[in-house]
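As numbered in the numbering used here, the sequence shown has no gaps in its residue numbers, which increase by one up to the final residue, 154.
As structure tokens, the structure follows; a few thoughts come after it.
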Amino acid sequence: MRIRFCYTIAGILSLGAALSGNSGPAAAADLGLITKAPVGSCTEIVFTCENGHQYPLCPRAVSVEGEVVTASLLTGRGGVHVRHVPMGVGYRYAGRGIWLDGFRENALLNFGKHHQVACTIAHS
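Listed below in structure tokens is the structure:
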């Protein structure tokens, strides 16, 4: 009985310490891509990749904070519908056979399991 009481008190104290910790809010760029352009505009977020190609991202739905929720990633063969996948750190936009993992301005564009290209975001 005495041990249970001690564990309960220790749990409450550690929970209080965790909740009162000074963890700063995550930057918006760490959570997903931010846009100020209207939905459907393909000029604001463009991925410039090491393979010499540019891949514009055309937002379809944007959250209240301006975070791109769904978009079309324009490849050489047309657009691929991608959706924001919540991550612990960074962002991921995934679609059929393609996904984009990134943190701030740096990203990796994956074309399937065996082909990826390093990219950077060129804001206009």
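By construction, the Cβ of each residue, glycine as well, lies at the ideal position given by its N, Cα and C atoms.
> Counting only runs that start and end within the region 79-114, where is the beta strand (DSSP E) found for 3 or more residues in a row?
Replying inline: The qualifying runs are 84-92, 98-105.
>> Suppose you measure from the CA of L130 to the CA of T105; what does that come to, to the nearest Å?
In response: Those two C-alpha atoms are separated by around 12 angstroms.
>> Which residue wins for smallest C-alpha separation from G142, given the options G125, G132, R134?
In response: Ranked by Cα distance from G142, the options G125, G132, R134 are led by G125.
> In the DSSP assignment, what are the bridge partners of V76?
Replying inline: The beta-bridge partner set that DSSP reports for V76 consists of P86, A152.
> For the beta strand (DSSP E) that contains G125, what are its first and last residues?
Replying inline: 121-125 is the extent of the beta strand (DSSP E) around G125.
> Which partner residues does G132 have in the DSSP bridge list?
Replying inline: According to DSSP, G132 bridges with Y121, A137.
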